[in-house]
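Below is one structure; the comments refer to it alone.
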Amino acid sequence: MSSGLIVAIALSILGTRLVFMWVWRKHDMPILRSWLSWAVPFLALVALIAVAGRENQELRKLIGVLIVPTGLLWLGLIAGAGRAWWLHQWRVAALLTVAVVVYTVAGNVWLGSWLLTRLELRYPEVDIATCQPFDVVVVLGGGTAATPSGRAQLASDGDRVLVAARLYFAHKTPLLVASGSTAPALGISRDHAADTDEIWRTLGIPATAIMQEADAHITADEIALYKKLRDHYGWKRIGVVTSAWHLPRALAIAKRMQLELQPIPAAYVGASRPRGFTPIYLVPQIGGFVTLHLALWERLGTWADG
């Protein structure tokens, strides 16, 4: 979609509102006039979906992100700020403008992906075909979830489970360790170690090559558990699989506990996002909020675990 088309759409919607306000300027119904002056251009925006056509998928997606709750809230904040400036309500206008900026930054896909990528690319991707063998490969919990019937399934970080399985089938490790379970404080009881074990077995990994350790709820607990297992079994070369964005914090904890782990990144998020310009990413959306949350959470976690 060309920038000219975007400008034309924006001017058309703004023009529709100004014309509507001018037509209704003499009617003594300010509340109704205010609502309708925004309702008409909004309906015009929705109508664009019908005429966009399949040949212009970018326009359809742009309209889509604008009419879901995150986009509507953004438009509402912009409209409120603009109205406050128009009416010379300086304090309200300033507050709403700050809200627009903060909300735009918090939900920006480019910013969230950039921050997350800075974490993900600290450790290079492991080439399974050429990497050195490990005595054991441990997998941090969190890569599994449950179906409505309770059957284990891969979660958004499920690549952790698959990368470990690939290492086993490539004869890079004789043993896999699945760890982790949901913290009781979250109100959800889920044994990620058992889920991972179930999935590995369905892939054909024998029970003799799998070790379950569910008695750990947070990363620090899992790392402490690995240290005890290392001391007990005498493992030398230990590979740790977790999401690429989580590796810096996990390895920082391991270093503090004097445990040497070989990083094996998986489940990339930021580094897998597209980099090109598109007006779709100008609108705050769930992808931006999620990636920014993950990036800040990991940095705060690293500082707290310090």
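Numbering follows the numbering used here, in which position 25 of the sequence shown is assigned residue number 977; successive positions increment by one, without gaps.
The beta carbon of each residue, even a glycine, is placed where N, CA and C say it ideally should be.
Note that the coordinates shown come from a computational prediction; the quantities given were computed from them, not determined experimentally.
The C-beta of residue 1198 has 16 or more other C-beta atoms within 10 Å across all chains shown, which makes the residue buried.
Residue pairing by DSSP leaves residue 1025 without any beta bridge partner. DSSP, reduced to helix, strand and coil, places residue 1157 outside both helices and strands of the structure shown, so it counts as coil. Per the Cβ contact rule, the segment 1107–1120 is in contact with the segment 1214–1225 (3 or more Cβ pairs under 8 angstroms). Residue pairing by DSSP puts residue 1105 in a beta bridge opposite 1097. Under the 10 Å beta carbon count, residue 1020 is surrounded by fewer than 16 other beta carbons and is classified as exposed. Note that the segment 1242–1255 touches the segment 1047–1067; at least 3 beta-carbon pairs, one per stretch, sit closer than 8 angstroms.
Residue 1144 sits close to residue 1093, with the two beta carbons spaced by under 9 angstroms. DSSP places residue 1020 outside both helix and strand once states are collapsed to three, so it counts as coil. Residue 1218: member of the beta strand (DSSP E) spanning 1214–1218, first to last residue. Under DSSP, residue 1181 forms no beta bridge with any residue. Using a C-beta cut-off of 8 angstroms, the segment 1143–1162 makes contact with the segment 1091–1107, since at least three inter-stretch Cβ pairs fall below that distance. Pairing residue 1208 with residue 1158, the inter-Cα distance amounts to about 34 angstroms. At the C-beta level, residue 1133 and residue 1178 stay beyond 9 angstroms of one another. Under the three-state reduction of DSSP, residue 1221 is assigned to coil, being neither helix nor strand. Nearest in C-alpha terms to residue 1056, of all of 1037, 1252, 1224, 1236, is 1236. Residue 1126 is positioned such that its CB atom lies closer than 9 angstroms to that of residue 1088. Remark: C-beta atoms of residue 1029 and residue 1018 do not approach each other more closely than 9 angstroms.
With respect to the 9 angstroms criterion, residue 1202 and residue 1171 are classified as neighbours on the basis of their beta carbons. Annotation for residue 1072: no beta strand (DSSP E) segment contains it, though the alpha helix (DSSP H) segment containing it runs 1061–1072. Counting along the chain, residue 1205 sits inside the alpha helix (DSSP H) bounded by residues 1199–1208. Distance from residue 1223 to residue 1069 at the Cβ level is roughly 5 angstroms; contact confirmed, criterion being Cβ atoms closer than 8 angstroms. Considering only 1183, 1083, 1101, the residue with the shortest C-alpha distance to residue 1211 is 1183. Close CB contacts of residue 1067 within its chain, under the 8 angstroms cut and outside five residues either way in sequence, are with 1222, 1243, 1244, 1247, 1248 (chain order). Per DSSP, reduced to three states, the secondary structure at residue 1045 is helical. Rounded to the nearest angstrom, the Cβ distance from residue 1086 to residue 1214 is 7 angstroms, consistent with a contact under 8 angstroms. In this structure residue 1193 touches residue 1112 by the C-beta definition: roughly 5 angstroms separates them, less than 8 angstroms. The alpha carbon of residue 1161 has as its nearest neighbour, out of 1169, 1152, 1167, 1168, the alpha carbon of 1152. Contact check for residue 1072 and residue 1196: beta-carbon distance about 4 angstroms, within the 8 angstroms limit, so the pair qualifies. CA-to-CA, the gap between residue 1128 and residue 1229 works out to about 42 angstroms.
With respect to the C-alpha of residue 1141, the residue from 1102, 1156, 1107, 1176 having the closest C-alpha is 1102. Residue 1041 and residue 1052 have their C-alpha atoms spaced approximately 16 angstroms apart.
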